[in-house]
Amino acid sequence: MKASFFTITLILLLINVSCSKEVSTDDFLECLSHQFNNYSSISNHVYTQINSSFSSILLFSIQNLRFASDSTPKPQVIITPEHEFQIPPIIYCAKNKGLQIRTRSGGHDLEGLSYVSQVPFVIIDLIKLSEITIDVGEKTAWVQSGATLGSLYYMIAEKSPILGFPGGVCPTIGVGGHISGGGYGPLMRKYGLAADQVIDARIIDVNGRILDRKSMGEDLFWAIRGGGGASFGVIVAWKVKLVDVPKTVTVFKVDKKLEQNATQLFHRWQYIASELDKDLRIGIAVAKVNTTQQRKNQTINISFISLFLGRIDRLLPTMQENFPELGLVREDCIETSWIGSVLFHYGFPIESPKEVLLNRSESSVTNIKGKSNYVQKPIPKKVLEGMWSLFREAEAADASLIISPYGGRMAEISESTIPFPHRGRNLYKIHHVVFWDEDDAQKSDKYISWTRRFDKYLTPFVTMRPRGAYLNYRDLDLGVNNVVGNTSYAQASVWGKRYFKGNFDRLVRVKTVVDPGNFFRNEQSIPPLHSIV
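The sequence shown lines up with residues 143 to 675 when you count with this note's numbering.
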C-alpha cells in the first residue's frame, strides 16, 4: 500500500513538472505576443519543441556531440532574432516567466553552455545577426556577434589585401563567444588577442537597455572583453580595430616524428618560440599517426606550423639564426596572402577559393573534451617522453595537443588591461583535446578520463597558484556554480581565479552593478557579490 501511494505521488509530481513546463512555455509565448507591437515580426523566428524545425535549428550550431544526445536538456524555445531591438522583449519575458537564457553565436562552447541548461531555458540564437561592415580608411569593422570568424576574414580580404584580424583559425567559430572570451590566433604575438582590438560594442542588459561603450561605461566595457559576455547580457555587436599585414606572408608546416628527433626539437622550441621576432610565430600540433597500414604501428608526429609576416628571403636567415635545428629550407615555405595563410592554418589548400570560409557547417562534428594550461618554464625532455606515453594509450587515438607560443605583443600588455590575464611570463599555452565517435556514455567517460589523467600528469610543470586556464577552452572540471541558489565566493573562485586570476574580483564587482539579481547565469558565470556568501 505504501509503495502504491509513493508510486502515485511520484507520477503526480512528474505530471505536475511536465505541466509546469508547458505552462511556462505558453506563458512565455503569451508574454512575447504582448511585448511586441507586431508579434508577426518575430513569430516566424520562434521555435518551440513541437515546431517541425526545432531539432534542425537546435542541432545546426551544436559543435560537440556530447551535448546532442536525446538525454541532453532541450530549450523550451529557440529564438533567432534578426534585429537587436527584438531581444529586449525576450529578456523581459524570460525574466518574468522564470526561464533562463542561453545565448549562442557559433555553438563552439566546449561544455555546451551556450545551448544547454539544467533548468528551463530559452536559447537566443544570434545566427541571423551576422552583418559585417568594414571601414578600410578607418581600419575598423563592426561585426555582429552571430557572424563567424570565417565570414569576418572573408569580408576583410574582399576589402583590402593588407588588413587582417588577430582571431582564431577555425572559420566556423562565432565572433560573439570568441571575442568575449579573449580569442587568440596566428597573429597573437604581433597584435595580441581579438579582445585587445575591441574599441566599442553593443550589449543588451538585464533591463533590456541597448548600450554602447559610452552608455554602458568603462567597467562593463572592460568586463566583456575577455570576461565572458554571457555573464553580463546579450552582446550583439563589436567594433574592432583591423591590423596591418604585408601583401605577402610566408607559411610553413614541418612534420617530425619521434624517430626524427621530434622530442629534442620540441624541447629546443620551448627556449626560443617566445623570444622570436613578433613577425614570426611557430606553433606546435602533436598527434598520433600510423607509420604503416597497420594501426598498431604508430608513432607521435609533431608539426611545427608557422606564420611569418614577410617573405621567404627574410624568414630563412631568421630561422637559421634562432632555430637551425629544425632544418627549414626554402622548399618547406609558401608565400601567400594573409587570407591564404588563414586557409592554410585551418587545413584548406591555399589555392582554395576564399568563399569556403563562409560555410558555417563543420565538415564533421564529433564528441570533444579539452583542457588548457600555461607553461612558464621549459618542460624537461623526460617529461615530454612521458606525455608521448600517455598519447600511446587507446583513448588517445584521436587526441591532439595544440601549443601556442607567447611573448611578443602578449608580453607587453598588462594582466589587468582586460579580464584575460595570461600575459607576460608565459612561454606557451597547451590545449590538450580528445575526439571520439562513440555516443555511449560509458565510452565517453573513458575518453574524458584520459584528459584528466593527462592534465594531472602536467600538474608539476604548469602555472600554479592559481593554475591558469583559458576561458574559451571551457572546462567544468575546474568547478561550477550552484545551478539553483547562491554560490559562495570560495566555490566560484575555484574556477574563476584559474580563468581570470586577480581580475576575477573586479568581474564580480561589475556583475554586482549590472546584474545584481544574477539573471544571466550558468555553471561558470560571474556571480554578483550579494549572492556570494
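Note that beta-carbon positions come from the ideal geometry of N, C-alpha and C, so glycine has one too.
Could you tell me the alpha carbon to alpha carbon distance between Arg616 and Leu174, rounded to whole angstroms? Sequence index remark: in the sequence shown, residue 616 carries index 474 (1-based). Sequence index remark: in the sequence shown, residue 174 carries index 32 (1-based). Their backbone Cα atoms lie some 32 Å apart in a straight line.
Whose CA, out of Ile274, Asn515, Val576, lies closest to the CA of Phe642? Within the sequence shown, the letter at position 500 stands for residue 642. Of the candidates Ile274, Asn515, Val576, the one whose C-alpha sits nearest the C-alpha of Phe642 is Asn515.
In three-state DSSP terms, what is Gln406? Locating residue 406 in the sequence shown gives position 264, counting from the first residue. Gln406: helix per DSSP, three-state reduction.
If I follow the unbroken beta strand (DSSP E) through Phe92, where does it start and stop? No information on residue 92 is available, as it lies outside the stretch 143 to 675 that the chain covers here.
Could you check what DSSP says for Pro231 in three-state terms: helix, strand or coil? The residue given as residue 231 occupies position 89 in the sequence shown. Three-state result, Pro231: helix.
What is the DSSP secondary structure of Asp643, counted as helix, strand or coil? Within the sequence shown, the letter at position 501 stands for residue 643. The sequence given here places Lys at residue 643; Asp does not occur at that position. Lys643 falls in the coil class under three-state DSSP.
Quick check: what's the CA-CA separation for Asp169 versus Ala236? What you label residue 169 is simply residue 27 of the sequence shown in a count that begins at 1. What you label residue 236 is simply residue 94 of the sequence shown in a count that begins at 1. Their backbone Cα atoms lie some 10 Å apart in a straight line.
Using 10 angstroms around the beta-carbon of Val340, count the other beta-carbons present and answer buried if the total reaches 16, otherwise exposed. For the purposes of this step, residue 340 is taken as residue 198 along the sequence shown, with counting starting at 1. With 16 or more Cβ atoms within 10 Å of its Cβ, Val340 is classed as buried.
Within its chain, find whatever has a CB closer than 6 Å to the CB of Val278; leave out the 5 residues flanking it on each side and keep chain order. As a first step, residue 278 is located in the sequence shown; it is residue number 136 there, counting from the start. Result list for Val278: Lys301, Ser302, in chain order.
From Ile220, Val428, Leu457, Pro522, residue whose alpha carbon lies closest to that of Phe445: As a first step, residue 445 is located in the sequence shown; it is residue number 303 there, counting from the start. The question names Phe, yet the displayed sequence has Ser at residue 445. Out of Ile220, Val428, Leu457, Pro522, Val428 has the C-alpha closest to the C-alpha of Ser445.
Does the stretch 181-188 touch the stretch 240-250, meaning 3 or more C-beta pairs lie closer than 8 Å? no
Are there three or more Cβ pairs, one per stretch, closer than 8 Å when the stretch 355-374 is compared with the stretch 393-403? no
Segments assigned beta strand (DSSP E), at least 3 residues, entirely inside the stretch 390-476: 391-399, 422-432, 440-450
Quick check on DSSP: helix, strand or coil for Asn660? For the purposes of this step, residue 660 is taken as residue 518 along the sequence shown, with counting starting at 1. Coil.
With a Cβ-Cβ cutoff of 7 Å, do Gln260 and Leu271 count as a contact? Within the sequence shown, numbered from 1, the residue matching residue 260 stands at position 118. Within the sequence shown, numbered from 1, the residue matching residue 271 stands at position 129. Between Gln260 and Leu271, the C-beta gap is not smaller than 7 Å, which leaves the two residues out of contact.
Distance, Cα to Cα, Leu201 vs Asp212? Mapped onto the sequence shown, residue 201 falls at position 59. Mapped onto the sequence shown, residue 212 falls at position 70. The alpha-carbon atoms of Leu201 and Asp212 are separated by roughly 11 Å.
Can we count Gly425 as close to the ligand GTP, meaning its CB is less than 6 Å from some heavy atom? For the structure depicted, the ligand GTP is absent and the ligand set is empty, with no information on it obtainable.
Test item: CB-CB of Ala415 and Pro547 under 7 Å: Mapped onto the sequence shown, residue 415 falls at position 273. Mapped onto the sequence shown, residue 547 falls at position 405. Yes, the Cβ-Cβ distance between Ala415 and Pro547 is below 7 Å.
Sort out for me which residues DSSP pairs Thr275 with in a bridge. Sequence index remark: in the sequence shown, residue 275 carries index 133 (1-based). Note: Thr275 sits in a beta bridge opposite Trp284.
To the nearest angstrom, how far is it from the Cα of His672 to the Cα of Thr654? One-based indexing of the sequence shown puts residue 672 at position 530. One-based indexing of the sequence shown puts residue 654 at position 512. Their backbone Cα atoms lie some 7 Å apart in a straight line.
Proximal residues to Lys216 (C-beta, below 6 Å), its chain only, five neighbours per side dropped: For this step, residue 216 is matched to residue 74 along the sequence shown. Cβ within range, chain order: n/a, list empty.
Does Glu665 pass the burial test, meaning 16 or more other C-beta atoms within 10 Å, or should it be called exposed? Counting from one through the sequence shown, the residue named residue 665 turns up at place 523. By the neighbour-count rule (16 or more Cβ atoms within 10 Å), Glu665 is buried.
Beta-bridge partners of Lys383, as assigned by DSSP: Looking up residue 383 in the sequence shown gives position 241. Lys383 is bridged by DSSP to Thr282.
Would you kindly work out how many angstroms separate the C-alpha atoms of Asn274 and Met297, rounded to a whole number? Residue 274 sits at position 132 when you count from the first residue of the sequence shown. Residue 297 sits at position 155 when you count from the first residue of the sequence shown. It is Ile, not Asn, that sits at residue 274 in the sequence shown. Taking C-alpha positions only, Ile274 is separated from Met297 by approximately 7 Å.
Take the Cβ of Val165 as the centre, count every other Cβ of all protein chains shown within 10 Å, and call the residue buried at 16 or more, exposed below. Reading the sequence shown from its first residue, position 23 is the one you call residue 165. The predicted model places Val165 with a pLDDT of 44, which falls under 50 and marks its position as unreliable; any figure quoted below should be read in that light. Val165 should be labelled exposed.
Identify the residues that DSSP records as bridge partners of Ser542: which are they? Along the sequence shown, read from residue 1 onward, the residue named residue 542 stands at position 400. The partner list for Ser542 (beta bridge, DSSP) reads Ala429, Val575.
Are Leu207 and Phe307 touching if we call contact CB-CB under 7 Å? Your numbering for residue 207 matches position 65 in the sequence shown. Your numbering for residue 307 matches position 165 in the sequence shown. No, the pair does not count as a contact, with Cβ atoms beyond the cut-off.
Since Thr547 sits in a beta bridge, which residues does DSSP pair it with? By one-based count along the sequence shown, residue 547 stands at place 405. Just to set this straight, residue 547 is Pro in the shown sequence, not Thr. The partner list for Pro547 (beta bridge, DSSP) reads Tyr570.
Give me the residue from Arg472, Phe490, Ile321, Glu493 with the minimum Cα distance to Val396. Translated into positions along the sequence shown, residue 396 becomes position 254. That would be Arg472, whose Cα lies nearest to the Cα of Val396.
Cβ-Cβ distance between Leu457 and Thr405 below 7 Å: Residue mapping note: residue 457 aligns to position 315 of the sequence shown, counting from 1. Residue mapping note: residue 405 aligns to position 263 of the sequence shown, counting from 1. Result no, Cβ atoms of Leu457 and Thr405 do not sit closer than 7 Å.
When you compare only the Cα positions, how much space is there between Glu537 and Pro466? In the sequence shown, residue 537 corresponds to position 395, counting from 1. In the sequence shown, residue 466 corresponds to position 324, counting from 1. Near 35 Å, if we compare the C-alpha coordinates of Pro466 and Glu537.
Residues in its own chain within less than 8 Å of Lys163 by CB, not counting five upstream and five downstream? By one-based count along the sequence shown, residue 163 stands at place 21. Summary for Lys163: the model assigns pLDDT 46, below 50, so the residue's position carries little reliability; its value from the coordinates is reported in the next sentence. Counting only Cβ-Cβ distances below 8 Å, and skipping sequence neighbours, we find Gln218, Pro262.
Which residue or residues does DSSP assign as beta-bridge partners of Asp342? Position 200 of the sequence shown, counted from the first residue, corresponds to residue 342. Paired residues: Lys381.
Any idea if Ser195 is buried or exposed, counting beta-carbon neighbours within 10 angstroms, 16 or more meaning buried? Working through the sequence shown from its first residue, we reach residue 195 at position 53. Classification of Ser195: exposed, given that the 10 Å Cβ count is below 16.
Could you check the C-alpha separation between Gly482 and Val311 for me, to the nearest Å? For the purposes of this step, residue 482 is taken as residue 340 along the sequence shown, with counting starting at 1. For the purposes of this step, residue 311 is taken as residue 169 along the sequence shown, with counting starting at 1. Their backbone Cα atoms lie some 12 Å apart in a straight line.
Whose C-beta lies closer than 6 Å to the C-beta of Gly638 among residues of the same chain, with five residues either side of it excluded? Along the sequence shown, read from residue 1 onward, the residue named residue 638 stands at position 496. Phe646, listed in sequence order.
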